Every structure is written in structure tokens, then in C-alpha cells.
Amino acid sequence: MTATHLRRWAIQAVLLLAVGGMLFAAFANARANLAARGISTSFDFLNQTAGFGLNQSFIPYSPLSSYGRALLVGLANTLVVSLLAGVFATIIGFAAGFARLSRNWALARLAGLYVETVRNIPLLLQLLFWYVAILSPLPGPTDSLHFAGVLLNNRGLILPGLVFSPGAAWVAGAAEAGVILAFFWRRFARKKLGAPVWPVAVLLLAIPPLIAFFAFGRPIGLDLPVFEPRVNRFNVEGGLRVPPEIFALVLALSLYTGSYIAEIVRAGVQSVARGQSEAAAALGLNDVQTRKWVIVPQAMRIIMPPLISQYLALTKNSSLAAFVGFADLMQVSGTILNQTGAAVQVIGLAMAIYLVLSVATLLVLRLYERRFSWSAAR
Amino acid sequence: MTRFLPALSGLILACLLNVAARGDTLDGVRQRGALACGVSTGLAGFGLPDDRGVWRGFDIDYCRAVAAAIFDDPQKIKFTPLSGKDRFTALQSGEVDLLSRNTTWTQSREAGQGLLFVGINYFDGQGFLVRKSLGLDSAIKLSGASICVQQGTTSELNLADYFRTHGSKAETVVFATADDAIKAYDSGRCDVYTTDGSALYTQRMKTAHPDDHVVLPETISKEPFGPVVRQGDDRWFNLVKWIHFALLDAEELGVTSANVEEMRKSDNPEIRRLLGAEGDFGAGLGLTPDWVVRVVKAVGNYGEIFERNLGGQSPLKIPRGLNAQWRQGGLHYAPPVR
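Top line first, the protein sequences correspond to chains Z and R.
Position one of the first sequence corresponds to residue 30 (the numbering used here), numbered consecutively onward.
Position one of the second sequence corresponds to residue 402 (the numbering used here), numbered consecutively onward.
Okay, here's the thing in C-alpha cells:
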């Protein structure tokens, strides 16, 4: 081993020891101080009864559920909001990015205006703005707007819910059978017949459930929302309610992240050499074909890494939900923190969950990147 | 790499040596030269900066009483506004020495978080604020309503309990701050706003048309407020506790900020003991014998504090009610001066 190697190993060992030592000392220090002040550091509080209600949950929850369950509800809400906002942000971002590069002067300027305005205003302000902007024009429950069984008021968008009777399982089974049949038909049609797949596939998917539905006496019913003052004079009863907070959050998050994605897309597209589009034109491809088959695949290599960062940022930005009264992970953690006083555990748990979410998103998108050979690593 | 080594080793040493000693709070306060008091972010009547930035309120006066007892100067305070979420962490970590912030006394907050409540200085209860146009006269008819509430408060828990007891349900919309909650209520997002009774009156003033709203007669919970200190420092706990009792005793014995100097020459043995003219009331607290004189001169007795901030002399005009002395039918009963 030369002196250089020895020095390198020695420095790395010292660095690792130093960092490890600091982390351990911090951890031990915190634990000692918490114990000295009589503050517990266990996670037992997760099994205690929560005692508070949550106004939005995708999984069954009541004030009698545990704190752990409340955290799960918060997590589910964060996931749903992040996914929805991510999808819309991508659509808006790509559209605005291409619009900014368009030869239509007005379109390009308008897209530019959108991007520059939205990028430079803090997200919290935008969120509060959209919350007020969505709530103000909506009427109260007594004057709800209704359209085809759907009600809209300032408590939310209330859709007809589904009511399942015992026969519903048969309908589900029939739908499954239809999917399997369609799958086999697709293979059969492609390999043996060379015939178009979709017309028959649609029939296979639709007919079995319909037959089961009518055969078993219409087991799936509609729970139409209705405002009946004698039953509930404050709110609409029945149906599936989507609170306005979700709309405000998804709208604000997708517009904000969309503006950043627009810039990333613009950078990616502009990084592709001019010669590519000229060559494509020379080959007779029109604008749309050029963009779809030549420009975008090459641009995606530049676009993917910053795009992944934007998705990670989006998930974390969703934690602003507490300011609009939406029960996301951060808001539920805050309530639990206050009720139990287990500050270190709750914050640590919330941090760990956000970390896992981010890493999971990162891994999935990396796989996507690799599949299309967009990653720089070849 | 070598040029980072001195800085790195310095950093490591600093971290290893940074074991925070619990220490004696009174000594720490004297050393710092100011009392670190945790207060509300802005609740009229209890803790709110006025138009010149001077903090005023019921809880603020308690901080000033403690500062007057220690330093003879009620202005030697470092105020830290704390929200509902970080108030206990600030106290536990030592950022503040005393939390005077209309905090409800519960067992989970005391034993579970290493804190101690020194007593009850305000007896309150949770109530509901609704629009007059709804024509409601009782909280029992609130089934199915949407209710705005602040995050992490006992109000949130009491709501769930109340509706469970009555077999009804309501939608709880939870906001990070009380201001967001009252704004959402005013905009029509909720039918009801709920918080402690005292705050209901002050929050009502923040709506666009305060006269359109009415407080329902029901009080659905007990909300005893009191100052909070950390566990593990008995002397500090006793000090704050006996300042609270001294304020009550002073009102009971008729000692006010106006007459405290003459009262020192009074013939009443209890008053003489209270004001340090004889006996040793306050021994072991680490204060000089005339500590009550300093306190009453600075902020007055309990009745004066109440009237100035919450009662007749304030815009809130809250009646004494349960907060009167025991001889006047209230619940305040301080131990005798002995």
C-alpha cells in the first residue's frame, strides 16, 4: 500500500467515525435529556384511542380508532393528493412547455406569463388564494347547484355513491371473468387471426357484468345525495363527498409544479440539436410527428432527472394542507403531537414516512427511465 | 481534507459537550436578567400586542407578576409567541421558563409530557358560535353540521366526545390556527365555530358582522386554564404557584395596587403576613419578604387583572361568573396566608 492509499483510507475512516460519532452522541444526548425531564420516548401512544374526528378519510376511521390508524388516514390522503396533483402537473407542465416553444406568438407569450407569474409567488399564498377563490362563489348547502345527481356547494362536490347488496359479488366476479376472456381474446386475435382486438374486447368486458347485474336483481344501487332539511338542516345527506380542500390543494399544487415542469420541458426540448428537427422535416415528417418520434424521446433524457425532483417536491409541498383544513399526514401528525406530547417520535415518524414515499417515487421513476433508455447511464 | 480537520474536531467536541444541564430555573432567569415567557400568538384579552407593540392580556399580567416578584421590574420579560402545536415543546426544551397561554389542565399534558400546572387561574368551558339566522337555541340540534376548530386543542377532542354522547355526528374541519378557523367559519365553509368560551367572544369580533353571530348557551366541557412549568424544579414550581395564590389572597383581603403601601401598616395580621410586615410568608421561594408588595404594585390583585383584561374595563366585558372569589359564589379559593 502506498502512502497515498494509506492516507486516503485513514481520512475516510476518520470521517466515517466522526459522522457516526456525532449521530450517536446526538441520539444519546436527546434520549438522556428526554428521560431526565420525564418525557417518554416509546411508540406506545400509537395504540391509544385518538379521540378526534377527521373530515376526510379514504379508509374507515372514527374517533374511537387509534392514533396509528389516524396516521394511516393522513398518509392515504397525502398519497391521493400527491398522485392527482402529479398527474395534472405533468399534463399542465408539458402543455405549457410546448406552448412556450410554439410559433404562435400569443400562445408562447401567454404560456410564458403563466410560468413566470406562478413560479415566483410562494406556494402557500397560491394555496390560500385558490381556497378562497373556490369557496367564495359556491353557495351554501341550502342552495346547492345540482346537475345529473351531482351536488355542488361550499362543503364540497357530492357525487352519487354506490350501495352494494349481496349480489354485487357476482357482478364483480363476472367483470373479472370478462377481463380474463378479453385478455385471452387479445392473444388469440393477435397471433392467430390478425384481426382488430378492440371491438370484441369491449363486448367481452361489458357484457358479463351487465348480464350478472340484471340476473341478480340489480344488486348495485345509487345513493343519491339530497338536501333534506328535516333529516339534516346543515348539510347534504348521502352520496360521496369530495371536500373543497382537495380541489384547492390539487389545483394549487398542479399549477405551481406545472410551471416548474414547463421550464424543465422547455430546456429539454431546446437541448435537442436543431439538426434533428431539420432532418425530420427533410424526411417528410410533419410537426406533430417530429415532436412525438424525434424530439421528445431525445429530450426526455434531459427532462427526467429534474422532473423526478419536481415530483418529490410535490409530495412534500402537499404538507401545506394543514392551512386549509385538510387532514393530510402533516396535519394529523401535528394533532397527535399536541395531544400526546411525543414530539420526537411523531416528527421522526412523519419524516421517515415522507422519506419512504420519496424513495419509492424515485425508484419507480428510475425504472421507467431505464426502460425507455432515457438515463444517461448506457 | 487536512484543512477541515481542526474545524471538524471542534464541531465534534462541541456536540459531545452539549449535554444540556437541567439546572435551576430561578438562577437561570436571574442570570439571563429576564423571564422567558411563552404566550399566545394573539388572543384578545389573554395575550395580544397593542398598537405600540406592548404585550397586554390576562396571561401577560401573570408573566409580569412573576417578573415583578423576581426583578421588581414587570418589563424584564422575553415574550415568545407560541402556537398550539409548539407550546409544550418550547417549555420542555427550556426555550421558555413559564407557559402562560390559556392552556387547559389535563392529565395527559401533565404526566405524559413532563410538565406541571401551577393552578387554575381561569375557569372556562367550551362553547359554540353559530349564525343567528339559523335560529338555533341549543347545541343539541347541531347534528350533521360542519364545525371549524383549531388543531391540537382540547376543543377538537371534546367535540368528538360530545357528538358521541348524543349519538349524532358532525363534520370537523380542522385548521392550523384559530384565525384560519374563524375565517373559514365566516366564509360559510362551516356552520359552527367552537373554542373555549372566553375566546369565542374575542373571535366573534373578528367576523365581518359580529352581531350576526350568537354564542349558544351550552358549555360542553370544563376548561381550567393555568400557567405551566417544567417538572423537576420544585422551587420554581412553588414560586409561580404562590404568586398565583398571593394574587387571589390579595383580592380577598382587599389589597389593591392603589392601597398596597398603606396596607403595609394595617393592623390585620393576615395582611401584615401577606405583605411581609411580619412573619415569613414566602420563605424558601428565593424571594425577598416584600415580594407580594412588588407583585401587587406592578399588576394589581387578581380582580384588577381580570377587570382590566377581560371584565368591565375591557371591550370583552366577560362577567366574573365562576372566576369570582369563593365568598362571592365563584370557584377561586386560595390557601390561607400562613
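Don't be surprised by glycine CBs; every beta carbon is placed ideally from N, CA and C.
Just so you know, these numbers come straight off a predicted model, no measurement behind them.
Following the DSSP letters along the chain, one finds R:Thr578 in no alpha helix (DSSP H), marked with neither H nor E. In chain order, Ser362, Ile365 and Leu366 place their CB closer than 6 angstroms to the CB of Z:Val375, counting only its own chain and leaving out the 5 sequence neighbours on each side.
Within the model, the alpha-carbon separation for R:Arg590 versus Z:Ala356 is close to 16 angstroms.
Residue environment analysis places R:His567 among the exposed positions, since fewer than 16 neighbouring C-beta atoms fall within 10 angstroms of its C-beta.
If you draw a straight line from the Cα of R:Val519 to the Cα of Z:Gly190, it is about 52 angstroms long. Interface annotation for the region 475 to 492 of chain R against chain Z: Gly485, Lys486, Asp487, Arg488, Phe489 and Thr490, criterion Cβ-Cβ distance under 9 angstroms.
The region 614 to 629 of chain R makes contact with the region 512 to 528 of chain R; the number of CB pairs closer than 8 angstroms reaches 3 or more.
At a cut-off of 8 angstroms between C-beta atoms, Z:Ser165 counts as an interface residue with respect to chain R. Per the coordinates, the alpha-carbon of R:Thr504 lies some 15 angstroms from the alpha-carbon of R:Thr578. The three-state secondary structure of Z:Val179, taken from DSSP, is strand. Here the alpha carbons of R:Ala546 and R:Asp562 stand approximately 15 angstroms from one another.
For R:Asp592, a Cβ of chain Z is located within less than 8 angstroms of the residue's own Cβ. Secondary structure at R:Gln551: strand, using DSSP grouped into helix, strand and coil. Here the C-alpha atom of R:Thr596 lies approximately 7 angstroms from the C-alpha atom of R:Val550.
Contact check between the region 689 to 699 of chain R and the region 707 to 724 of chain R: fewer than three CB pairs, one atom from each, fall below 8 angstroms, which does not count as touching.
When only Cα atoms are considered, Z:Leu93 and R:Ser544 end up about 18 angstroms apart. Nearest to Z:Arg247 by C-alpha distance, out of Z:Tyr285, Z:Ala198 and Z:Leu394, is Z:Ala198.
Secondary structure remark: continuous alpha helix (DSSP H) runs of at least 4 residues inside the region 429 to 477 of chain R, in chain order: 459 to 472. Interface criterion met: the Cβ of Z:Leu366 is under 8 angstroms from a Cβ in chain R. Contact annotation: the region 198 to 216 of chain Z does not touch the region 274 to 291 of chain Z, with fewer than three C-beta pairs closer than 8 angstroms. Taking 8 angstroms as the CB threshold, Z:Gly370 lines the interface with chain R. A distance below 6 angstroms between beta-carbons, with the five flanking residues on each side excluded, links Z:Gly185 to the following residues of its chain, in chain order: Arg270, Val271, Pro272 and Pro273. Within chain R, not a single residue places a beta-carbon under 8 angstroms from that of Z:Pro89; the smallest gap is close to 14 angstroms. Look at R:Asp650: its C-beta is not under 8 angstroms from any C-beta on chain Z. Residue-level contact check: R:Leu686 does not touch chain Z, since none of the beta carbons of chain Z fall below 8 angstroms from its beta carbon. In the three-state reduction of the DSSP assignment, R:Val656 falls in the coil class, being assigned neither a helical nor a strand state. Excluding the 5 residues flanking it on each side, R:Asp681 has same chain C-beta neighbours closer than 8 angstroms at Pro690, in chain order. Across the structure, Z:Phe256 and R:Asp581 are spaced so that their CA atoms are roughly 27 angstroms apart. In this structure, DSSP gives Z:Arg259 a state outside helix and strand, which the three-state scheme calls coil.
Counting only the Cα atoms, Z:Val179 lies some 14 angstroms from Z:Pro168.
Within chain Z, the residues placing a beta-carbon under 8 angstroms from that of R:Gly553 are Gly363, Thr364, Leu366, Asn367 and Gln368, ordered along the chain. Between Z:Ile68 and chain R, the shortest Cβ-Cβ separation is below 8 angstroms. From the listed residues Z:Val298, Z:Ser71 and Z:Arg303, the smallest Cα separation to Z:Ala125 is found for Z:Val298.
Considering only beta carbons, the part of the region 580 to 605 of chain R lying closer than 7 angstroms to chain Z consists of Asp581, Ala585, Ser588, Gly589, Arg590 and Asp592, in chain order. The beta carbons of R:Cys464 and R:Leu483 sit no closer together than 8 angstroms. Cβ contact annotation for R:Gly677 (same chain, cutoff 6 angstroms, sequence separation greater than five): Pro690 and Asp691, in chain order.
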